[in-house]
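Residue numbers (my numbering): 1 to 521. We put the beta carbon where it would ideally sit given N, CA and C, even for glycine. Working notes, structure below.
Here it is in structure tokens:
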């Protein structure tokens with residue numbers, strides 16, 4: 001059994017506030033069922049000088065997802081018995097419906113409602129109610145991939161699961177969490193706190209960074225099942241202690257949550273029941289991150305080493321790197337050798353035609369940055385000429401870029417595009433309608449600048465910047481939405497008839513792909 005490198009862990013904890021600059025944060029480590037480190041620094045509210053403590057409850061964001069799945073497994077002997085009720089939440093759906101298990105594993109094929117709020121005209125600071133989410137989900141008509149075939153992160157999956165749990169038990173979801181999960185695990189102050197507008201214990205979430213400063217974040221989303229739990233560091237460490245205490249029981253909730261999961265084709269899946277399954281530096285870990293506007297969190301558990309790490313900030317700085325750094329320090333792991341080479345010829349622009357998404361690669365002295373999903377991925381190039389990242393591989397096949405995303409069961413062959421700096425947007429200016437969303441898009445082109453305006457069930461959104469990338473391909477840059485991080489860049493592919501006239505557009509991002517718009521005027 002690995003022992004703790006106390007000195008290395010102490011140093012790593014000391015460095016956290018300066019490496020992850022922001023108003024405040026907490027971190028803790030559990031080894032062999034005992035809390036071996038527990039830190040809180042900075043302020044929950046900088047204006048009121050309210051200290052951050054290990055008892056301050058913070059939104060744990062999407063870490064809530066595995067608690068939703070744990071509750072489902074605890075309350076229903078066979079969750080598949082709820083499969084038929086999924087149709088009630090998707091009354092307009094024309095494709096094969098996902099099962100409850102596919103919802104749990106992010107294999108549903110549904111487009112993410114959080115991304116779709118942008119196309120439905122959301123204002124970033126608006127209030128997004130429980131009923132708004134259900135209405136948006138109910139409007140879904142088609143999948144962006146066949147259920148069970150691939151992985152795609154989707155908050156709607158867990159929103160539906162929570163609704164199914166309430167319906168199946170006739171009881172309040174928050175009360176069930178407290179009774180069946182929090183109390184048995186000794187999470188004394190954890191609660192469901194779904195209204196992000198009102199964080200608990202006076203804590204404030206902050207947008208910004210140390211370069212431009214920090215401002216209080218304005219988040220009006222009602223989270224339910226996909227997020228919504230607030231817990232203190234002490235609560236989260238109690239959960240990790242509980243996981244260790246029940247490790248030898250094959251029927252324990254965490255053992256059931258981390259059981260192997262497959263896709264419909266039988267290939268193993270790296271995500272299931274609200275938890276990622278990763279291999280990090282040769283260790284098998286399970287965990288999940290979370291991010292709401294103004295908050296970031298990550299927890300991981302290395303079962304064989306009996307080690308858990310929890311990191312939570314009241315600012316948007318990523319926490320995965322911090323959590324893995326603490327794990328490596330705690331186990332006294334030496335720095336990994338660098339087998340990379342300086343990349344050459346990796347700058348490029350590519351099109352994943354099947355999903356209608358742009359891949360953009362940017363090289364620097366140490367590796368390649370890939371823009372495809374909402375957060376760019378960092379890869380290093382090996383001596384074999386292949387660029388590798390966490391669950392991701394890029395290689396060249398002639399002019400084609402081949403991308404293998406093992407965590408998504410996805411293989412992409414993307415063709416190169418010739419980048420352009422300018423295109424006259426006059427011919428694409430006008431009004432477009434999406435039958436899939438029952439929503440509109442208005443494009444304005446004026447004096448060389450092009451902007452997009454989305455209108456739908458949530459109102460009329462802000463003007464979004466729109467730039468040409470290649471012939472017939474544009475990009476809409478969503479840098480703020482109703483929550484953090486935004487969906488990212490929307491790829492806009494222009495359709496023309498034989499005469500060269502624009503007849504429509506296809507718009508998509510990683511979370512919501514291949515949405516068709518036809519030209520109205």
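Pick from 392, 447 and 145 that is closest to residue 404, judged by C-alpha positions: 392
Against chain D, with Cβ distances strictly below 8 Å, would residue 186 count as a contact? As a matter of chain content, chain D is missing from the structure shown, which is built from one protein chain.
Within 10 angstroms of its Cβ, does residue 206 collect 16 or more other Cβ (buried), or is it exposed? buried
Between residue 215 and the rest of its own chain, which residues show a CB-CB distance below 7 Å, the 5 nearest in sequence each way excluded? 206, 207 and 208
Any beta strand (DSSP E) of 3 or more consecutive residues that is wholly inside the region 275 to 344: 275 to 280, 283 to 292, 295 to 302 and 307 to 313
Give a yes or no on whether the C-beta atoms belonging to residue 157 and residue 103 are separated by under 8 Å. yes
Can you tell which of 291, 491, 203 and 302 has the C-alpha that lies nearest to the C-alpha of residue 65? 291
Determine the direct distance from the alpha carbon of residue 225 to that of residue 275, and round the result to whole angstroms. 14 Å
Grouping DSSP H, G and I as helix and E and B as strand, with all else coil, what is residue 79? helix
In whole angstroms, what separates the C-alpha of residue 553 from that of residue 272? The requested residue 553 does not occur in the structure, where the chain is confined to residues 1 to 521.
Under 6 Å Cβ to Cβ from residue 300, same chain only, skipping five residues before and after it: list those, please. 285, 287, 309 and 323
Thinking C-beta only, is residue 95 closer than 8 Å to residue 143? yes
CA-CA distance, residue 318 and residue 57? 19 Å
According to DSSP, what are the bridge partners of residue 443? 430 and 452
Range of the contiguous alpha helix (DSSP H) that encloses residue 168: 155 to 169
Taking 8 Å as the threshold (C-beta atoms), are residue 139 and residue 438 in contact? yes
Suppose contacts are defined by Cβ-Cβ distances below 8 Å. Is residue 120 in contact with residue 97 by that definition? no
Can residue 27 and residue 311 be called in contact, C-beta distance under 8 Å? yes
Tell me which residue opens and which closes the beta strand (DSSP E) that residue 466 is part of. 464 to 470
Need the endpoints of the beta strand (DSSP E) that residue 495 sits in, please. 488 to 496
So, do the region 497 to 507 and the region 425 to 437 have three or more beta carbon pairs nearer to each other than 8 Å? yes
Would you mind reading off the limits of the beta strand (DSSP E) that contains residue 216? 213 to 216
Tell me which residues share the same chain as residue 450 and place their Cβ nearer than 6 Å to its Cβ, disregarding the 5 neighbours each side in the sequence. 425 and 466
Roughly how many whole angstroms lie between the Cα atoms of residue 35 and residue 283? 21 Å
Span separating the alpha-carbon of residue 488 from that of residue 481: 9 Å
Using a Cβ-Cβ cutoff of less than 7 Å, which residues in the same chain neighbour residue 305 once the five nearest sequence positions on both sides are dropped? 2, 283 and 331
For residue 207, list the residues DSSP reports as bridge partners. 215
Which listed residue (516, 93, 269 and 377) has its alpha carbon closest to that of residue 141: 93
Does the Cβ of residue 463 have 16 or more other Cβ atoms within 10 Å, making it buried, or fewer, making it exposed? exposed
Considering only the alpha carbon of each residue, which of 387, 433, 475 and 456 lies closest to residue 421? 475
With distances taken from CA atoms, which of 211, 70, 263 and 257 is nearest residue 150? 263
Have a look at residue 126 and residue 412 and give me their C-alpha separation to the nearest angstrom. 36 Å
Limits of the unbroken beta strand (DSSP E) element including residue 371: 368 to 371
Straight-line Cα distance separating residue 383 from residue 117: 43 Å
Between residue 59 and residue 302, which are expected to be in contact by the criterion C-beta below 8 Å, what is the C-beta distance as a whole number of angstroms? Actually they are not in contact, since the Cβ atoms of residue 59 and residue 302 sit about 25 Å apart, beyond 8 Å.
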